[in-house]
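Heads up, the thing below is written out as structure tokens.
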Amino acid sequence: MDHEKTENDVSKSPRHKLNKTDKRLLDTLVAAGYEHDKARDLIQKQVYTLTLADQRHVVSEISNGVNPTQAYSAVYQARRIRLARKYLNGKKVMEETGENTPPSA
43 MDHEKTENDV SKSPRHKLNK TDKRLLDTLV AAGYEHDKAR DLIQKQVYTL TLADQRHVVS
103 EISNGVNPTQ AYSAVYQARR IRLARKYLNG KKVMEETGEN TPPSA
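If you read the sequence shown in the numbering used here, its first letter stands for residue 43, the second for the next number, and so on.
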């Protein structure tokens with residue numbers, strides 16, 4: 043079976059496999075009114091696309107003897123919390139103000 047690449051396939055980075063925590067976050071975002079694919083992309087962008095500061099933090103932790111898996115897990119968890127606070131709290135504000143579009147990513 044041949045798979046033809048579309049423009050979307052080329053422009054998007056490979057998706058990280060969602061773990062149980064990510065799936066719960068995805069379900070919560072969908073329940074809050076985000077489309078499934080947009081919520082999935084939001085998790086990919088906000089959790090797994092690390093900033094330079096986050097990358098430096100991971101390197102620093104590893105240099106200090108922390109297991110690399112633990113260092114990455116801690117950064118990912120902090121980013122999940124930031125995502126939830128930013129987009130789910132924003133959703134509550136949106137409902138209170140009567141706006142009908144989710145905050146932009």
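Yeah, the Cβ is synthetic: ideal placement off N, Cα and C, and Gly gets one too.
This structure is a prediction, so every number in the text was calculated from the model and none was measured.
Just the C-alpha distance for Leu84 and Val101, rounded to the nearest angstrom, thanks.
Counted from its first residue, the sequence shown places residue 84 at position 42. Counted from its first residue, the sequence shown places residue 101 at position 59. About 25 Å.
Below 8 Å between beta carbons: does that hold for Ala95 and Glu103?
Position 53 of the sequence shown, counting from 1, holds the residue named residue 95. Position 61 of the sequence shown, counting from 1, holds the residue named residue 103. It is not a contact, given that the beta carbons lie outside the stated cut-off.
Ala81, buried or exposed, once every other Cβ within 10 Å from all chains shown has been counted against 16
Stepping through the sequence shown from its first residue, residue 81 is reached at position 39. So Ala81 counts as buried.
How would you label Glu141, buried or exposed, when you count the other beta carbons within 10 angstroms and need 16 or more for buried?
The count along the sequence shown starts at 1 and reaches residue 141 at position 99. Low confidence applies to Glu141: its pLDDT is 49, below 50, so where it sits in the model is not reliable, and the reading given next is rough at best. Classification for Glu141: exposed.
Helix, strand or coil for Val101? Go by DSSP, reduced to three states.
Sequence index remark: in the sequence shown, residue 101 carries index 59 (1-based). Val101 falls in the helix class under three-state DSSP.
So, His99 versus Val117, is the Cβ gap smaller than 8 Å?
By one-based count along the sequence shown, residue 99 stands at place 57. By one-based count along the sequence shown, residue 117 stands at place 75. Contact flag set, yes.
Quick check: the Cα distance between Gly75 and Lys59, rounded to an integer number of angstroms?
What you label residue 75 is simply residue 33 of the sequence shown in a count that begins at 1. What you label residue 59 is simply residue 17 of the sequence shown in a count that begins at 1. Gly75 and Lys59: Cα-Cα distance of roughly 22 Å.
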